[in-house]
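First residue of the sequence shown? That's 2 in the working numbering, and the numbers climb one at a time after it.
Quick reminder that beta carbons are idealized off the backbone N, C-alpha and C, glycines included.
Worksheet for the structure shown next.
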Amino acid sequence: MERSTHDVGRATWAWWALPLALTVAGSSQAASFDELQERGSIRVAVANEVPYGYLDDTGQGRGPGPEVARHVLGELGIDDIEWVVTSFGDLIPGLEEGRFDMAAAEMAIRPERCQRVLFSAPNTSYGEGLLVRAANPLEINGYADFADRDDIRVAVLGGATQVDIMAALGVPEDQVVVIDDNAAAIDTLLDDRADAYAGTGLTVSRLEEQSPEVEVVQNFEDPKVNGEIVRSWGAFTFPRDAETLRDAFDTVLLDYRNTQAWEDTLEDNGFTQDDVLNAFRFNTEWLCGQEE
2 MERSTHDVGR ATWAWWALPL ALTVAGSSQA ASFDELQERG SIRVAVANEV
52 PYGYLDDTGQ GRGPGPEVAR HVLGELGIDD IEWVVTSFGD LIPGLEEGRF
102 DMAAAEMAIR PERCQRVLFS APNTSYGEGL LVRAANPLEI NGYADFADRD
152 DIRVAVLGGA TQVDIMAALG VPEDQVVVID DNAAAIDTLL DDRADAYAGT
202 GLTVSRLEEQ SPEVEVVQNF EDPKVNGEIV RSWGAFTFPR DAETLRDAFD
252 TVLLDYRNTQ AWEDTLEDNG FTQDDVLNAF RFNTEWLCGQ EE
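As structure tokens, this is what we get:
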């Protein structure tokens, strides 16, 4: 059984504001793994971001996050999923405040996030991309252009990794436009509030399909931070005190990643064979321990 709710009416929080929010709001204790198994139900959050984690027209969870979560939770005896839709920037506060029990949004594993939530083993790996107006009239080729030029602005999703990347590249804050969700990206470009939208390659490719007035930068230059090409590893997220649930989830997930069914799920959602192979490249402990 699956149900869905919308976590509406909450402010969208930028990632840099989260530590202050935690100090003010405090945290709620998560339901234990035993409690979740006993009642056979769980609240799982998504940010409605195609293709990572979203709800279809019938309210069912789709994308590699929800589809893999459905399998793993079923193996753990938890079949009743209540899907909670919230903004990406609200996923971490929602976990801390106990408004849901886990998130299946393929959130990138980052050291500062590891201080706030628990991450599962990596489930996906993905690179970056840029969405611009059709024909790319301003000849934008990569993220570094926004640091090198003062005549262009870039839109990013509040709370997403791209906020961090732009800061690391030295893009001035007044050239960064923060939006609440990916659905606003196209209008932000067409209304001339920004000249490009920075997101993962999969995200911008899906957005390109929605309008002939936008396109993905074809000769995109992969961003480099500290000499390393930027790539993300997405995972499931849990409250800090839900270690037992996370560990049980990981036990099933690590086995499931060795199956053709898991690989098919990723490829059916647009991930390439290179993305699939990269998902095995690092473990969560290593990714959480990297200096940003």
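| Check | Outcome |
| --- | --- |
| Kindly indicate which residue of E174, L190, A70, G75 has the alpha-carbon position closest to the one of A136. | L190 |
| Report yes if the CB atom of A104 is closer than 8 Å to the CB atom of L119, and no otherwise. | no |
| Looking at the secondary structure, which residues open and close the alpha helix (DSSP H) in which V217 lies? | Careful: V217 lies outside any alpha helix (DSSP H), inside the beta strand (DSSP E) at 215 to 217. |
| How about P123 and F283: are their beta carbons less than 8 Å apart? | yes |
| Can the beta-carbon of T270 be found closer than 8 Å to that of N220? | The residue you asked about is not Thr; residue 270 is Asn in the sequence shown. Contact: no. |
| Quick check on S33: buried or exposed, where buried means 16 or more other Cβ atoms within 10 Å of its Cβ? | exposed |
| If you count every other CB in all the chains shown that lies within 10 Å of the CB of N49, and 16 or more means buried, which is it? | buried |
| When you compare the region 260 to 278 with the region 145 to 165, are there three or more beta-carbon pairs, one atom per stretch, that lie closer than 8 Å? | no |
| Identify which residue in V205, P138, E222 has its Cα closest to the Cα of D193. | P138 |
| Would DSSP call S206 helix, strand or coil? | helix |
| Hey, how far is the Cα of W294 from the Cα of Y53? | Any question about residue 294 goes unanswered here, given that the chain covers just 2 to 293. |
| Leaving out five residues on either side along the sequence, give the residues of the same chain with a beta carbon under 7 Å from the beta carbon of A185. | none |
| Check whether the region 251 to 259 and the region 83 to 100 are in contact - that is, three or more C-beta pairs closer than 8 Å. | no |
| State yes or no: is the C-beta of V205 within less than 8 Å of the C-beta of G130? | yes |
| For I110, collect the residues of the same chain with a Cβ closer than 7 Å to its Cβ; drop the 5 residues on either side in sequence, then sort them by chain order. | F120, P123, W234, A236, T285, L288, C289 |
| Taking 8 Å as the CB-CB cut-off, is F101 touching chain C? | Absent from the structure: chain C. Only one protein chain is present. |
| Classify M103 as helix, strand or coil using the three-state DSSP reduction. | strand |
| According to DSSP, which residues form a beta bridge with F120? | T238 |
| Please state the DSSP three-state secondary structure of T273. | coil |
| I need the DSSP call for M2, collapsed to helix, strand or coil. | coil |
| Checking 8 Å against the spacing of the C-beta atoms, do V218 and A195 come in under that value? | no |
| Where does V164 land, buried or exposed, given buried means 16+ other C-beta within 10 angstroms? | buried |
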